[in-house]
Ligand code: SF4
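Residue numbers (the working numbering), protein chains in the order written: chain F, 1 to 292; chain A, 1 to 385.
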C-alpha cells in the first residue's frame, strides 16, 4: 500500500499542527482568510513571538487556536477590550483581533466603536459571512434585508450595518474590504494594517455555505466564490456611504478596496503626561524603542 | 506638582475607597480599567490620578463588561490588574469573572456594595451581594472574597487580594460596602519592603522547548503562568481545555479541569480563610458580623458584656472561603448565634450550614448602617434562652 503524504508543509511552523484538522465546514471562507493572516505574520518581519491574536466566540473565533502564536479565545463580544489591555501593557506586541461579524458588531459592537474612537493600536480582522454560523444560521447585524435565516424565516426585516462605513465613521485609521477569494490583496491589506499604528479594520467577505448560502439560494461555496469573482469591483476611492452589499442581488456590484488610510493620534493613556513631542508623533515610547 | 511614590508610606487620614486604591498601588497594580459607579467611583478617580504617576495605565472603559475583559487581558500580559464597581456593574462583570476563573487569570475586583436589587439605592449601603460574589458567574468555581471593616482594611485586604489572586491564579473580590468605602479614618501605610508580596508562579523552562504545558498544574494544583510575548506561544480559551490549553470537548477533560479549578482553592481554604475573634473564650452568645456591620456588632457586644451577658464576636475577614469549621466548633459550645447583616439573611444561611440549627438573624435590606441597638436586643433575647 502506498500512501502519498507530505511529512511537512511549508506553513507548519505557523499552525498548531497537533490541533488539525480544524472544525470548519467544507467550503467555509474562514480557512483561506486565516491563511492570508498567517502569511502576513511571516512577511511582516515582526518575529512570531511578538504577534498576539485574540478572538471572541463563533466559527471565526476559533482562528487564534490554530495559530502557533500567543492566542486568546475570550468571551462572546469581548475580544477588543481584552486585546486592548494586552496592547497597552505590552506595546511592543502586534495585537490582532480576529473574529466574526456577530461577535464584533452585535454583542461586541459597543467595544468596537469605542476602540475605534480611541484609536487603540489593534488590527481588527472581521470575517463577515452575513449570519451566525456556529449556532446554525441565525440572522445577524450584517444579514441583508430580505435574506433568510433560521431566526428570520420570512426574511430579515432589519437593515444591516455596512461595516467599512461604520469603521470609518467611528475613527479607524485603515479600513479595507476583501473576500476569501482575494487572498493576495487581503494579505497586503493585513500587512499594511500591521505597519500602521492605531485601529485598523479589515472586513473579509466569506462564504458560509451551511448557514447563509443554502437558505438564500446562493448554492455551495464554489458558487459563492464565483459570485465574488463576477461581481466584485475594486474601487479604493469608492464613497464610504455606497459600500452596501447584498449577495443575492446578482446585478449589484460588491465594492472591495482599501478605502481609508489616514493618521490620527494613537490611544496612549499616558499621552498627557509625556513631554510634548518635537515632531508630530504619538507613539508610546516603549514601542519605538523596541522596534528600533 | 511632584509625583507621589507607588507606596505612600506613612500615616494618613484616608477615605476607604482611596485606601483601596493605595493598597492596589502598593501591591504593584499597574493597570486599572473601570466604569464610574457610585459608591466606588472614588477608587477610579484616585487611580486616574495616581497610576500615571507611577507609569501605570488607567482606562475608563465603555462599560463594566469591557472593564472586566480588560483587566483579564492586562493580566495575561503580565500586569497586576484591578477594577472597582458596585452592584449593577458587578452583575455585568460576572461574564468575565468566569473567564478569569476558567483561564486561571489572576485579577482583583472591588465591589463597594450599595442597596439592591437593580439600581436600588445608589448612594446608600447594603451587604446584599454576598451570595452573588460566591455564585454570580455560571458554573462551578471557587472564589475568594475579603470583607474590609475599615479604611485600614481596605488598604491591607486589597494588597492581600492581589497576593491571593497571583498565588492561586484566580479572580479575587474585595467585597466592601458603602459605609466602609465612604468612611475616613486613620490608615497606616508601611514602607515598600514591608508590603507582603507573593509572586505569580512562572514557567521554569525556557520558551521554545517542548517541556512547558501552560495548563499543567504542580502539586499545589496551580499551573505556572506564561505571559503574552514571552515566546511560549500559549493558547488560552474559555472552552474546556487540556494541559496544553487546547479545547477538549469531552466529559473526562471537563471533569478533570473543573475539579482542579475548584480543588486548588478548597485544598488551600485553611490558608486563605481569615477571621477576627473577640471575647469568644467564655461566650454564651456569639455574634457573627462582617464589614461595616461588624463595627456596630462590636459595640453591641461591649454593651452586652457590661450588662453581664457573656457575648463575643466572630468577624469573618474572608466571606469566601467562609470560615465554616470555626463556626461549627463555636456552635458546639455556645448557647446562641446572632448574625446581623444588611441583607435578608445571606451569611446567616451559610452559618446555619455549619451550626445545624437556626441562628438569630438581625436583618435590614440596607440604606443605612445597622445600628448597635437591634443587635443588642437580639443578644439579650438570645441570652435568655
Ligand atoms: S457554519 Fe459557516 S462559518 Fe461556521 S464553519 Fe461552517 S461554513 Fe464556516
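All C-beta atoms in this analysis are idealised placements derived from N, C-alpha and C, irrespective of residue type, glycine included.
Any heavy atom of the ligand SF4 within less than 6 Å of residue CB: hits in chain order
Those residues are F:24, F:25, F:28, F:30, F:59, F:129, F:133, F:134, F:208, F:209, F:210, F:211, given in chain order.
Could you name the residues of chain A that residue 65 of chain F contacts, counting a contact when the two beta carbons are closer than 8 Å?
In the first chain, the residue the question calls residue 65 of chain F occupies position 65. Residues of chain A passing the Cβ test: 235, 237, 246, 247.
Here's the rule: buried if 16 or more other CB atoms are within 10 angstroms of the residue's CB, otherwise exposed. What is residue 2 of chain A?
In the second chain, the residue the question calls residue 2 of chain A occupies position 2. By the 10 Å Cβ count, residue 2 of chain A comes out exposed.
Using alpha carbons as the reference points, say which of A:139, A:209, A:208, A:169 lies closest to residue 75 of chain A.
Translated into the one-based positions of the second chain, residue 75 of chain A becomes position 75. Nearest of A:139, A:209, A:208, A:169 to residue 75 of chain A, Cα basis: A:169.
Beta strand (DSSP E) segment containing residue 82 of chain A, residue limits
Mapped onto the second chain, residue 82 of chain A falls at position 82. Residue 82 of chain A -> beta strand (DSSP E) spans 80-85.
Could you give the first and the last residue of the continuous alpha helix (DSSP H) run that contains residue 107 of chain F?
Along the first chain, one-based indexing puts residue 107 of chain F at 107. Counting along the chain, residue 107 of chain F falls outside any alpha helix (DSSP H), and DSSP gives it neither H nor E.
Taking the alpha-carbon positions, what's the residue 338 of chain A to residue 222 of chain A distance?
Taking the second chain and counting its residues from 1, the one referred to as residue 338 of chain A is at position 338. Taking the second chain and counting its residues from 1, the one referred to as residue 222 of chain A is at position 222. As the crow flies, the alpha-carbon of residue 338 of chain A is around 37 Å from that of residue 222 of chain A.
Does any C-beta atom of chain F lie closer than 8 Å to the C-beta of residue 52 of chain A?
The residue you call residue 52 of chain A lines up with position 52 of the second chain. Output row for residue 52 of chain A: interface = yes.
Under the three-state DSSP convention, the category residue 20 of chain F falls into:
By one-based count along the first chain, residue 20 of chain F stands at place 20. In the three-state scheme derived from DSSP, where H, G and I count as helix and E and B as strand, residue 20 of chain F is classed as coil.
Within-8 Å CB hit, residue 83 of chain F to chain A:
For the purposes of this step, residue 83 of chain F is taken as residue 83 along the first chain, with counting starting at 1. For residue 83 of chain F, the answer is yes, since a Cβ of chain A falls inside 8 Å of its Cβ.
For the segment 88-108 of chain A and the segment 43-59 of chain A, state whether three or more C-beta atom pairs, one from each stretch, are separated by less than 8 Å.
They do not touch, by the three-pair rule.
If you follow the beta strand (DSSP E) that residue 185 of chain F is part of, which residue opens it and which one closes it?
Mapped onto the first chain, residue 185 of chain F falls at position 185. The continuous stretches of beta strand (DSSP E) do not include residue 185 of chain F, which lies in the alpha helix (DSSP H) extending over residues 183-195.
Drop a sphere of 10 angstroms on the beta-carbon of residue 178 of chain F, count the other beta-carbons inside from all chains shown, and report buried for 16 or more, exposed for fewer.
Taking the first chain and counting its residues from 1, one reaches residue 178 of chain F at position 178. Buried, since its Cβ has 16 or more Cβ neighbours within 10 Å.
Compute the Euclidean distance between the alpha carbons of residue 160 of chain A and residue 206 of chain F, then round it to the nearest angstrom.
Counted from its first residue, the second chain places residue 160 of chain A at position 160. Counted from its first residue, the first chain places residue 206 of chain F at position 206. Approximately 49 Å between the Cα atoms of the pair.
What residues of chain A sit near residue 269 of chain F, judged by a beta carbon separation below 8 Å?
Here residue 269 of chain F refers to the residue found at position 269 of the first chain. What residue 269 of chain F touches in chain A: 52, 57, 58, 59.
Neighbour-count burial assignment, residue 292 of chain F, 16 or more Cβ in a 10 Å radius:
Numbered from its first residue, the first chain carries residue 292 of chain F at position 292. Because residue 292 of chain F sits at a pLDDT of 38, beneath the cut-off of 50, its placement in the model cannot be relied upon, and the following sentence gives the value as read from the coordinates. Sixteen is the threshold: since fewer than 16 other Cβ atoms of the shown chains lie within 10 Å of the Cβ of residue 292 of chain F, the residue is exposed.
Determine which residues share a DSSP beta bridge with residue 135 of chain A and list them.
On the second chain, position 135 is the one that residue 135 of chain A refers to. Note: residue 135 of chain A sits in no beta bridge, so no partner.
Where do the ends of the alpha helix (DSSP H) carrying residue 39 of chain F lie?
By 1-based counting over the first chain, the position of residue 39 of chain F is 39. Where residue 39 of chain F is concerned, the enclosing alpha helix (DSSP H) stretches over 30-43.
Going by C-alpha to C-alpha distance, which of F:256, F:39, F:33, F:26 sits closest to residue 12 of chain F?
Position 12 of the first chain, counting from 1, holds the residue named residue 12 of chain F. When each option's Cα is compared against that of residue 12 of chain F, the closest is F:39.
Presumed contact (8 Å Cβ cut-off) between residue 151 of chain A and residue 14 of chain A, rounded CB distance:
Against the second chain, residue 151 of chain A aligns to sequence position 151. Against the second chain, residue 14 of chain A aligns to sequence position 14. The pair is a contact, with the Cβ atoms about 5 Å apart (cut-off 8 Å).
Would you list, in chain order, the members of the segment 72-96 of chain F that have their beta-carbon closer than 9 Å to a beta-carbon of chain A?
Here the close residues are 72, 73, 74, 75, 76, 77, 78, 79, 80, 81, 82, 83, 84, 85, 86, 87, 88, 89, 90, 92, 93, 95.
Burial state of residue 153 of chain F (16 or more Cβ within 10 Å):
By 1-based counting over the first chain, the position of residue 153 of chain F is 153. Answer is exposed; the Cβ neighbour count stays below 16.
Might you give, ordered along the chain, the residues of its own chain that have their beta carbon closer than 6 Å to the beta carbon of residue 292 of chain A, omitting 5 neighbours on each side?
The sequence position of residue 292 of chain A within the second chain is 292, counting from 1. Same-chain partners within the cutoff: 177, 179, 180, 369.
Expressed to the nearest angstrom, what Euclidean distance is found between the alpha-carbon atoms of residue 345 of chain A and residue 257 of chain A?
Position 345 of the second chain, counting from 1, holds the residue named residue 345 of chain A. Position 257 of the second chain, counting from 1, holds the residue named residue 257 of chain A. One alpha carbon belongs to residue 345 of chain A, the other to residue 257 of chain A, and they sit about 33 Å apart.
Kindly indicate if chain F contains any beta-carbon less than 8 Å away from that of residue 72 of chain A.
To locate residue 72 of chain A, count along the second chain from 1; it is residue 72. Yes, residue 72 of chain A lies at the interface with chain F (some Cβ there is under 8 Å from its Cβ).
Who are the near neighbours of residue 35 of chain F in its chain, counting only those whose CB is closer than 8 Å to its CB and skipping five residues on each side?
Stepping through the first chain from its first residue, residue 35 of chain F is reached at position 35. Closer than 8 Å at Cβ, skipping near neighbours: 11, 183.
Against chain F, which members of the segment 26-43 of chain A pass a CB distance test of less than 7 Å?
Those residues of the segment 26-43 of chain A placed with their C-beta closer than 7 Å to a C-beta in chain F are 31, 33, ordered along the chain.
Which of helix, strand or coil DSSP assigns to residue 143 of chain A
Translated into the one-based positions of the second chain, residue 143 of chain A becomes position 143. Assignment of residue 143 of chain A by DSSP, reduced to helix, strand and coil, places it in the coil class.
Given a threshold of 16 other Cβ atoms within 10 Å of its Cβ, counted over all protein chains shown, does residue 250 of chain A qualify as buried or as exposed?
As a position in the second chain, residue 250 of chain A is number 250, starting the count at 1. In summary, residue 250 of chain A is exposed, with fewer than 16 beta-carbon neighbours lying within 10 Å of its beta-carbon over all protein chains present.
Who are the neighbours of residue 63 of chain A on chain F, taking C-beta pairs under 8 Å?
Residue numbering aside, residue 63 of chain A sits at position 63 when the second chain is read from its first letter. Correct list: 110.
Taking one C-beta from the segment 52-66 of chain F and one from the segment 23-30 of chain F each time, how about it: are there three or more such pairs within less than 8 Å?
Counting Cβ pairs under 8 Å, three or more are found: they touch.
Helix, strand or coil, according to DSSP, for residue 71 of chain A in the structure here?
The residue given as residue 71 of chain A occupies position 71 in the second chain. Under the three-state reduction of DSSP, residue 71 of chain A is assigned to helix.
Return helix, strand or coil for residue 132 of chain F, following the three-state DSSP convention.
Here residue 132 of chain F refers to the residue found at position 132 when the first chain is read from its first residue. DSSP places residue 132 of chain F in the strand class (E or B) of the three-state scheme.
On the three-state DSSP scale, how would you describe residue 263 of chain F?
As a working mapping, residue 263 of chain F is identified with position 263 in the first chain. When secondary structure is reduced to three states using DSSP, residue 263 of chain F falls in the coil class, being assigned neither helix nor strand.
Measuring alpha carbon to alpha carbon, tell me which of A:217, A:373, A:21, A:55 ends up nearest residue 272 of chain F.
For the purposes of this step, residue 272 of chain F is taken as residue 272 along the first chain, with counting starting at 1. Selected option, being the one with the closest Cα: A:55.
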